[in-house]
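Inspection log for the structure reproduced underneath, given as structure tokens.
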Amino acid sequence: METSVTKATQLRSKRLILDPLTLADLDDIFRIARVEKSIEDFQYAASTPEDVRAWLEPSLENPLNLVWTIREQGAAIGLFDLCFEAEYSDIENGVCRVGYFLDHQVQGRGYATEALITVADWVFSSSGATRIEAGVTLPNKASWRSLEKAGFLRDKIIAGNWIWHGEVHDSAYYYLTDELFRRAQSCKA
Ligand SMILES: CC(C)(COP(=O)(O)OP(=O)(O)OC[C@H]1O[C@@H](n2cnc3c(N)ncnc32)[C@H](O)[C@@H]1OP(=O)(O)O)[C@@H](O)C(=O)NCCC(=O)NCCS
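Residue numbering for the sequence shown follows the working numbering, beginning at 5 and increasing consecutively.
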């Protein structure tokens with residue numbers, strides 16, 4: 005099935021609001037993205053606000069790349085990126101991939117899992133995509149556990165395909181289908 009990409013809209017969960025990214029958010033995102041432990045494994049830490057602008061501005065014009073600012077009680081605490089282009093599998097249609105990071109000060113509270121569930125619900129109900137994929141480095145247990153807790157399954161591990169700060173890492177690739185997602189959510193209910 006073809007993905008009919010739609011515009012990002014505001015998404016809400018119990019504790020979070022995900023607002024479509026605007027230029028007005030860039031300073032807040034820089035404040036988070038300048039700290040290594042808030043962004044490592046997603047992107048290199050930003051040195052200047054211009055780094056963040058150069059990296060995020062193209063998404064504002066790209067209908068295949070939807071980005072949300074994650075907020076908790078009104079404050080920006082992270083970013084969620086959704087791209088309707090395959091990269092982690094050879095499936096071309098109906099697939100998208102996700103990436104995310106959170107301010108290190110709010111990590112460990114289950115927010116990534118909550119954001120993943122919220123975006124997955126929106127993807128499957130509003131975008132026409134039938135499969136979500138994610139790639140993480142294997143040592144990033146916080147990230148792949150968040151995926152698993154949202155219902156994602158591990159597809160494969162590729163040894164030594166990710167070089168980060170000069171070190172070689174193995175990557176784990178995860179996927180979620182509409183059916184897997186509904187099953188995971190109904191088990192929790
Ligand atoms: C990855 C990230 C988004 C996870 O967000 P989070 O909200 O802190 O994650 P959660 O609180 O939902 O925790 C998820 C799971 O990871 C576990 N976890 C958290 N930190 C961990 C750590 N340092 N080592 C091992 N496990 C960890 C939690 O215990 C939880 O699993 P459990 O419920 O089985 O105990 C966050 O750590 C982050 O922003 N990291 C930097 C950027 C990044 O790595 N992005 C992902 C790129 S693919």
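Think of the CB as a built atom: it goes at the ideal place given N, C-alpha and C, for glycine as much as any other residue. Bear in mind that the values here come from a model prediction, so they are computed numbers and not experimental data.
Pairwise C-alpha distance: residue j and residue i
| i | j | result |
| --- | --- | --- |
| threonine 122 | serine 51 | 31 angstroms |
| valine 71 | glutamate 44 | 18 angstroms |
| aspartate 55 | glutamine 111 | 23 angstroms |
| cysteine 87 | asparagine 69 | 4 angstroms |
| isoleucine 74 | glycine 170 | 30 angstroms |
| arginine 19 | glutamate 61 | 27 angstroms |
| tryptophan 59 | alanine 90 | 20 angstroms |
| serine 17 | glutamate 65 | 26 angstroms |
| glycine 78 | aspartate 32 | 12 angstroms |
| valine 197 | alanine 49 | The displayed coordinates of the chain run from 5 to 193. Any statement about residue 197 would go beyond what the structure contains. |
| tryptophan 168 | lysine 145 | 16 angstroms |
| histidine 67 | alanine 163 | The question names histidine, yet the displayed sequence has proline at residue 67. Approximately 33 angstroms, taken between the alpha carbons. |
| leucine 184 | glutamine 47 | 29 angstroms |
| phenylalanine 84 | threonine 10 | 16 angstroms |
| glutamine 189 | aspartate 125 | 10 angstroms |
| arginine 187 | arginine 101 | 20 angstroms |
| asparagine 165 | isoleucine 81 | 30 angstroms |
| cysteine 191 | glutamate 137 | 21 angstroms |
| valine 156 | leucine 27 | Residue identity differs from the one stated: residue 156 is phenylalanine in this sequence, not valine. For phenylalanine 156 and leucine 27, the distance between alpha carbons rounds to 31 angstroms. |
Close-in-space but distant-in-sequence residues of the same chain around residue i (CB under 7 angstroms, 5 per side omitted)
| i | result |
| --- | --- |
| lysine 160 | Tyr177 |
| glutamate 41 | The sequence shown places lysine at residue 41, rather than the glutamate named in the question. Excluding residues within five positions, the ones whose Cβ falls inside 7 angstroms are His108. |
| aspartate 182 | Phe128, Thr134 |
| serine 150 | Ala116, Thr117, Leu120 |
| proline 143 | His173 |
| isoleucine 95 | Arg135 |
6 angstroms Cβ shell around residue i - same chain, five flanking residues per side excluded
| i | result |
| --- | --- |
| arginine 57 | Leu30 |
| lysine 153 | Thr117 |
| valine 140 | Ser147, Trp148, Ala176 |
| isoleucine 36 | Ser42, Asp107 |
Cβ neighbours of residue i in the same chain (closer than 8 angstroms, five flanking residues each side left out)
| i | result |
| --- | --- |
| methionine 5 | Note that methionine 5 scores 45 on pLDDT, short of 50, meaning its location in the model is unreliable; the coordinates nonetheless yield the value given after this. Contacts found: Asn97, Gly98, Gly132, Thr134. |
| glutamine 14 | Ile21, Leu22, Asp23, Pro24 |
| proline 53 | Leu30, Asp31, Phe34 |
What runs of the alpha helix (DSSP H), each 4 residues or longer, lie entirely inside the stretch 74 to 116?
-> none
Inside the stretch 126 to 189 only - beta strand (DSSP E) runs reaching at least 3 residues = 135 to 141, 157 to 168, 171 to 181
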